[in-house]
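Reminder that position 272 of the sequence shown reads as 388 in this note's numbering, one-by-one numbering, no gaps.
From the three backbone atoms N, C-alpha and C, an ideal C-beta is built for every residue, glycine too.
None of the values given here were measured: they were computed from a predicted structure.
A short write-up of the structure that comes next.
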Amino acid sequence: MAQLTIVFGLVECVFGWLQLLGFAASGNSMYPATGTFYNPGPYCGFLAVITPVALHAVLRDRHRAAVWLSGTYLFLAIGLMPALMGRTGWIAALLGCAVVAAGRYVSAGRSFEKGRLRVYAVSVIVLTTAFLALLYFLKPDSAQGRVLMWMVAFKAMFAHPLGVGWDRVAGAFGQAQEDYFAQHPDSGFISVAGAPEYVFNEFLQVGIAFGIAGFIAFVAVVTAGAVAAWRSRCHGLCGAAVAFAAVCFSSYPLQFAEFYLLVFLLGGAIIFHRRNYPLWLRAGACVVAGCILSVPAYGIMERKRQIREWDRIGNTIRYRLSDSMKEECDSLVREMEWSARCLFDYGKALRGNGDYEKSNEVLGMGVKVSSDPMFLNLIGRNHEDMGETARAEEHYTRSKHRLPNRLYPYYLLAMLYAKEHDVSSGKFRKAYEEAMGLPVKVESPATREMREELKKVRGEK
């Protein structure tokens with residue numbers, strides 16, 4: 117099964133090179149190559165996980181065909197990975213290959229003496245720290261953003277110790293971030309806050325979805341796989357498990373069906389190398405693992421089909437929402453309660469149709485599955501149009517706390533206070549000063565227009 121893993125990787129490499137050379141379209145127009153993925157980051161991580169398996173085969177396999185196959189993969193993958201600019205993938209590949217090198221050292225009959233082991237351990241710690249520091253100084257905002265995401269994700273996990281379900285992770289994350297900034301309005305993380313779809317750490321993603329027990333179980337399974345591979349002297353598979361853990365630590369591989377197939381192939385290879393267990397037991401374990409992993413993989417493929425179906429309708433309802441289309445949308449929404457995009461499009465269309473109550477119902481479902489504050493903004497505007505000022509203020513304030521570096525909720529609050537009170541009121545003055553003093557990363561026509569409108573409301577030129 118290890119060779120099947122390399123064949124799988126070769127297929128992805130061929131797709132990537134065809135895209136890079138312009139013979140095939142990339143999965144994302146912003147990037148030159150994505151393989152069968154839609155983002156080069158997870159694609160680079162995918163190639164990185166297979167790299168230790170191929171390296172081990174080149175160094176240890178006695179079959180010439182297997183060596184050539186693995187060598188070809190290494191040549192194609194290593195040539196492709198720099199173009200993908202995936203820092204997580206590079207780190208994962210280096211860690212996995214380091215495990216293979218350590219396995220070669222042990223297999224040669226050498227042992228790690230205590231004194232030498234200390235030197236190696238200290239060297240690894242120093243080099244790792246220096247490398248991470250370099251990455252931080254190269255992209256400090258990105259690094260701080262990851263730290264914020266992981267900190268908020270921990271808060272979300274402990275706020276829901278039994279889990280919220282896979283589809284509601286982003287909603288729980290958004291609520292935790294909202295609570296954090298409401299309690300720490302002067303936090304140094306405000307400038308790097310975002311509304312991510314994933315938490316960029318699959319261990320924490322699993323923890324929020326399935327609770328603390330799920331987090332511990334996932335860590336235990338990955339660790340057990342690495343340990344079992346090392347004890348079976350399958351150092352390439354052990355390196356792959358370590359690389360997979362590294363990718364999980366700083367990316368979102370479990371959002372792609374390709375990774376579930378890869379995990380099945382790697383897990384099957386590890387199980388079949390455990391020859392101290394009878395063949396029927398190992399085969400049974402592979403079948404059970406395959407059945408378990410096929411469920412989320414099939415779910416991902418089915419959701420891609422549903423998104424394509426929604427695209428057909430979503431582009432139409434932006435301009436017109438007839439009664440017959442409402443029925444069709446209602447039917448699809450019942451199947452796609454997991455899709456923030458579907459709920460936002462439909463909720464916005466209902467608002468444009470004047471159906472504020474139903475719009476809030478749909479947008480409220482979106483708040484549970486998304487961290488995006490725009491759901492709260494639209495709910496607030498619906499309440500404002502219905503004359504429910506207090507509810508509108510509540511949702512605008514929540515939106516401001518959820519993502520405090522966005523100008524729009526400050527603008528909505530200031531305009532609400534100007535309409536309901538007076539421009540000389542304390543509430544308006546405070547909202548106005550916050551909106552005008554908010555640092556904006558990138559000025560746009562929309563931000564300039566909002567600030568100009570606030571100045572006109574206040575009577576300034």
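| Taking buried to mean at least 16 other C-beta atoms within 10 Å of its own C-beta, is V238 buried or exposed? | Position 122 of the sequence shown, counting from 1, holds the residue named residue 238. Exposed.
Which residues bound the alpha helix (DSSP H) around K271?
Numbered from 1 along the sequence shown, position 155 holds the residue referred to as residue 271. Taken as a continuous stretch (DSSP letters only), the alpha helix (DSSP H) holding K271 covers 256-275.
F253 to A344, Cα distance in whole Å?
-> One-based indexing of the sequence shown puts residue 253 at position 137. One-based indexing of the sequence shown puts residue 344 at position 228. Approximately 37 Å, taken between the alpha carbons.
For a test of the three-state rule: what should DSSP assign to T563, helix, strand or coil?
Counting from one through the sequence shown, the residue named residue 563 turns up at place 447. Residue state, collapsed to three classes: helix.
In whole angstroms, what is the alpha-carbon distance linking A286 and S515? Within the sequence shown, the letter at position 170 stands for residue 286. Within the sequence shown, the letter at position 399 stands for residue 515. Roughly 15 Å separates the two Cα atoms.
**Study point:** Residue interval of the alpha helix (DSSP H) (run including E451)
**Key:** What you label residue 451 is simply residue 335 of the sequence shown in a count that begins at 1. Per DSSP, E451 belongs to the alpha helix (DSSP H) from 439-451.
Q. Considering only the beta carbon of each residue, do A534 and E550 sit closer than 9 Å?
A. One-based indexing of the sequence shown puts residue 534 at position 418. One-based indexing of the sequence shown puts residue 550 at position 434. No. Outside cutoff.
Original post:
What is the DSSP secondary structure of K557, reduced to helix, strand or coil?
Top reply: Taking the sequence shown and counting its residues from 1, the one referred to as residue 557 is at position 441. K557: coil per DSSP, three-state reduction.
| Going by the CB atoms, is the gap between G430 and I386 shorter than 9 Å? | For this step, residue 386 is matched to residue 270 along the sequence shown. For this step, residue 430 is matched to residue 314 along the sequence shown. No; because the gap between Cβ atoms is not below 9 Å, this pair is not in contact.
Bounding residues of the alpha helix (DSSP H) (the contiguous stretch that carries I306)
As a working note, residue 306 is residue 190 in the sequence shown. No alpha helix (DSSP H) contains I306, which DSSP labels as neither H nor E.
Residues near K484 by beta carbon distance below 8 Å, same chain, minus five either side: The residue labelled residue 484 in the question sits at position 368 within the sequence shown. Taken in chain order, the residues that qualify are R284, G287.
Task: Integer-rounded CB distance, given that P156 should sit under 8 Å from M201 - done: One-based indexing of the sequence shown puts residue 201 at position 85. One-based indexing of the sequence shown puts residue 156 at position 40. M201 to P156, Cβ: 7 Å. Contact.
Just to confirm my understanding: we take G281, look at its own chain, exclude 5 residues before and 5 after, and list those with CB closer than 7 Å. What are they?
What you label residue 281 is simply residue 165 of the sequence shown in a count that begins at 1. So the list reads A325, once near-sequence residues are dropped.
| request: Out of E418, M146, T150, I241, point me to the one whose CA is closest to G132's CA. | output: If you number the sequence shown from 1, residue 132 lands on position 16. Comparing Cα positions, the closest option is T150.
Problem set entry | Test item: CB-CB of Y189 and I207 under 9 Å | Stepping through the sequence shown from its first residue, residue 189 is reached at position 73. Stepping through the sequence shown from its first residue, residue 207 is reached at position 91. No, these two residues do not count as a Cβ contact at 9 Å.
Under 9 Å between C-beta atoms of A170 and G125: Against the sequence shown, residue 170 aligns to sequence position 54. Against the sequence shown, residue 125 aligns to sequence position 9. Yes, Cβ-Cβ distance for A170 and G125 is below 9 Å.
With a cut-off of 8 Å, do at least 3 Cβ pairs link the region 315-333 to the region 541-548? no
(message) So, at 7 Å on beta carbons, what are the nonlocal neighbours of E500 in its own chain, with the 5 sequence-adjacent residues on each side left out?
(response) As a working mapping, residue 500 is identified with position 384 in the sequence shown. Same-chain partners within the cutoff: A508, L532.
**Prompt:** Taking Cβ to Cβ, would you say F316 is nearer than 9 Å to M265?
**Reply:** What you label residue 316 is simply residue 200 of the sequence shown in a count that begins at 1. What you label residue 265 is simply residue 149 of the sequence shown in a count that begins at 1. Cβ distance < 9 Å, so F316 and M265 count as in contact.
May I ask which residues mark the beginning and end of the alpha helix (DSSP H) holding H517? Locating residue 517 in the sequence shown gives position 401, where the first residue counts as 1. Taken as a continuous stretch (DSSP letters only), the alpha helix (DSSP H) holding H517 covers 505-518.
### Residues near L211 in its chain [Cβ-Cβ closer than 7 Å; skip 5 each side]
Numbered from 1 along the sequence shown, position 95 holds the residue referred to as residue 211. Around L211: V358, A359, A362.
| Which residues mark the beginning and the end of the alpha helix (DSSP H) in which F388 is found? | Residue numbering aside, residue 388 sits at position 272 when the sequence shown is read from its first letter. Segment 373-389, the alpha helix (DSSP H) holding F388.
Apart from the five residues just before and just after N476, which ones in its own chain have a Cβ nearer than 6 Å to its Cβ? Residue numbering aside, residue 476 sits at position 360 when the sequence shown is read from its first letter. Around N476: I495, N498.
Over the uninterrupted alpha helix (DSSP H) stretch that includes Y159, give me the two end residues.
-> Looking up residue 159 in the sequence shown gives position 43. Taken as a continuous stretch (DSSP letters only), the alpha helix (DSSP H) holding Y159 covers 156-176.
Distance, Q291 Cα to L320 Cα
Here the question's residue 320 lines up with position 204 in the sequence shown. Here the question's residue 291 lines up with position 175 in the sequence shown. Cα-Cα distance, rounded: 15 Å.
Local Cβ density within 10 Å of P301, reported as buried at 16 or more and exposed below that: Reading the sequence shown from its first residue, position 185 is the one you call residue 301. Burial call: exposed.
*Which of helix, strand or coil does DSSP assign to H589?*
With the chain covering only 117 through 577, there is no way to say anything about residue 589.
| How is the alpha helix (DSSP H) around W346 delimited, first residue to last? | As a first step, residue 346 must be located in the sequence shown, where it is residue number 230. That run of the alpha helix (DSSP H) goes 318-347.
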